[in-house]
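Numbering (full-length UniProt numbering), first residue to last: 1 to 367. First the structure, in the form of structure tokens, and then the observations on it.
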Ligand code: G3I
């Protein structure tokens with residue numbers, strides 16, 4: 001009798017151990033790609049603990065910053081590819097699908113993009129030329145290495161109006177079509193995405209659906225839309241979020257959740273989105289969990305994670321990727337946005353690089 005109990009307990013512990021070895025990509029990967037945004041701290045410093053998490057849980061990677069215009073090209077005709085090249089090497093070493101983020105974005109754009117050396121604003125034709133040159137340079141260098149590109153990022157306001165960015169103001173709304181057509185020609189093998197935050201907002205949803213129809217009518221390829229999903233405890237409205245998934249899929253594109261995290265801290269005012277320009281002064285009352293999350297709050301946060309992954313499970317056939325915007329809570333941009341110096345808990349791995357218990361519930365949901 002004793003021997004059989006011993007054998008059973010050994011079998012059980014090995015089963016649970018192997019269950020713990022199971023990663024997000026093993027289970028969720030049956031439905032869609034599971035990605036993570038990484039800083040160059042991880043992709044170039046040989047952080048063995050981070051590598052172990054990435055190898056176990058993810059099959060896609062996106063550079064959090066070093067593919068952006070401001071980081072990669074400090075002046076016209078000058079490109080610093082080292083950091084981006086290290087991400088390409090990291091993706092190849094760790095067998096990760098690589099996403100290029102991002103080619104045309106008003107924020108962190110190349111500083112030289114919109115003005116001449118004398119400070120005067122470039123003409124429409126000159127900006128088109130510069131934008132196309134940047135797209136061709138980036139996509140040309142990483143042709144066959146980048147699986148898909150965020151071609152245009154955050155071109156609409158929440159109400160669906162065009163954002164009055166320099167690209168819009170100087171070229172007009174057709175900058176988007178020009179960017180996608182250029183990208184399609186630069187690397188016909190790469191997927192092409194439109195990426196934005198607050199995509200559950202009906203106004204923005206309709207504007208993006210109209211954009212997709214317009215691009216397709218012009219014979220320009222768009223493969224998916226990126227719903228960034230910088231979520232909070234009380235936004236987005238989940239019904240609106242699901243409605244957007246259905247609306248985008250109905251336009252004949254896949255849906256990706258490209259920058260998923262959950263801001264669990266109180267905000268100075270009701271706000272949503274991810275506009276990097278939104279910043280507020282530090283006040284301790286907005287940083288209530290600097291010593292850790294109380295169990296009750298942790299449960300609320302876990303419930304919020306499950307609400308989103310239950311939606312992804314229901315809509316799995318419409319989804320091609322879910323990417324976490326960072327690896328561990330320590331790495332998250334949410335520690336410094338919209339208020340610098342806070343302790344946030346926006347991701348699925350804690351500050352010690354440990355998987356949060358909710359990951360097991362997420363895996364069970366997809367098992
Ligand atoms: O590299 C410099 C460093 O040399 C300098 O010492 C340091 C202090 O000023 O700044 C460093 O650059 C920072 C960069 O992140 C790299 O850490 C920039 O100031 C900072 O603005 C930048 O923030 C990034 C932000 O985009 C703006 O590019 C965040 O990490 C990144 O998570 C965030 O991601 C964006 C997506 O790309 C698009 N969707 C919204 C999302 C959140 O804003």
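Think of the CB as a built atom: it goes at the ideal place given N, C-alpha and C, for glycine as much as any other residue. Just so it is clear, the structure is predicted and the values come from calculations on it, not from any experiment.
For the ligand G3I, I want to know if residue i counts as a neighbour, meaning its beta carbon is within less than 6 Å of at least one of the ligand's heavy atoms.
i, result
"residue 277", "no"
"residue 108", "yes"
"residue 185", "no"
"residue 82", "no"
"residue 64", "yes"
"residue 333", "yes"
"residue 49", "no"
"residue 274", "yes"
Taking C-alpha atoms, which residue in the options lies nearest to residue i?
i, options, result
"residue 199", "180, 221, 227 and 223", "227"
"residue 85", "65, 176 and 216", "65"
"residue 30", "322, 351, 352 and 203", "322"
"residue 234", "345, 259 and 265", "265"
"residue 239", "57, 50 and 201", "201"
"residue 260", "197, 237 and 208", "197"
"residue 127", "312, 284, 167 and 25", "167"
"residue 165", "68, 206 and 104", "104"
"residue 131", "73, 258 and 237", "73"
"residue 365", "341, 311 and 346", "311"
"residue 283", "89, 341 and 138", "341"
"residue 333", "291, 292 and 276", "276"
"residue 378", "339, 350, 327 and 290", "Outside the displayed range of the chain (1 to 367) lies residue 378, so it cannot be described from this structure."
"residue 110", "78, 123, 140 and 88", "78"
"residue 303", "156, 262 and 254", "262"
"residue 290", "255, 345 and 324", "345"
"residue 101", "117, 216, 147 and 56", "147"
"residue 232", "249, 338 and 355", "338"
"residue 318", "274, 249, 154 and 298", "249"
"residue 255", "298, 191, 278 and 293", "191"
"residue 214", "141, 176 and 156", "176"
"residue 183", "216, 133 and 118", "133"
"residue 218", "67, 349, 181 and 230", "181"
To the nearest angstrom, how far is the alpha carbon of residue i from that of residue j?
i, j, result
"residue 222", "residue 295", "43 Å"
"residue 76", "residue 129", "12 Å"
"residue 360", "residue 220", "41 Å"
"residue 172", "residue 125", "11 Å"
"residue 244", "residue 212", "13 Å"
"residue 314", "residue 135", "36 Å"
"residue 44", "residue 61", "14 Å"
"residue 48", "residue 186", "35 Å"
"residue 306", "residue 120", "51 Å"
"residue 358", "residue 114", "45 Å"
"residue 23", "residue 363", "8 Å"
"residue 179", "residue 288", "43 Å"
"residue 42", "residue 54", "10 Å"
"residue 94", "residue 80", "23 Å"
"residue 367", "residue 28", "8 Å"
"residue 18", "residue 300", "The pLDDT assigned to residue 18 is 49, lower than 50, so where the model puts this residue is not dependable, and the model offers no usable value."
"residue 96", "residue 59", "5 Å"
"residue 385", "residue 247", "Residue 385 is absent from the model: the chain starts at 1 and stops at 367."
"residue 35", "residue 330", "18 Å"
"residue 193", "residue 174", "16 Å"
"residue 33", "residue 92", "16 Å"
"residue 347", "residue 137", "33 Å"
"residue 251", "residue 209", "7 Å"
"residue 123", "residue 225", "30 Å"
"residue 14", "residue 89", "Unreliable positioning characterises residue 14 in this predicted model, as indicated by a pLDDT of 49, which lies under 50. A coordinate reading is not provided."
"residue 206", "residue 158", "10 Å"
"residue 280", "residue 188", "43 Å"
"residue 83", "residue 37", "14 Å"
"residue 267", "residue 285", "10 Å"
"residue 16", "residue 63", "Only weak support exists for where residue 16 lies, its pLDDT of 48 falling under 50; the value from the coordinates is given anyway. In a straight line, the C-alpha of residue 16 is about 33 Å away from that of residue 63."
"residue 106", "residue 170", "12 Å"
Should residue i be flagged as near chain B, meaning a C-beta pair shorter than 7 Å?
i, result
"residue 73", "This model lacks chain B altogether; it includes just one protein chain."
Can you list the beta strand (DSSP E) stretches of 3 or more residues lying completely in the region 26 to 75, in chain order?
For the region 26 to 75, whole beta strand (DSSP E) runs of length 3 or above, ordered along the chain, are 33 to 38 and 60 to 63.
Every unbroken beta strand (DSSP E) within the region 225 to 279, with a cutoff of 3 residues, ordered by chain
Segments of the beta strand (DSSP E) lying fully in the region 225 to 279: 230 to 232 and 254 to 263.
Runs of beta strand (DSSP E) lying entirely within the region 103 to 185, each at least 3 residues, in chain order:
Taken in chain order, the whole beta strand (DSSP E) runs of length 3 or more contained in the region 103 to 185 are 148 to 153.
Quick one: which unbroken beta strand (DSSP E) runs of 3-plus residues sit fully inside the region 268 to 332? Chain order, please.
Counting only runs of 3 or more, we get 319 to 324.
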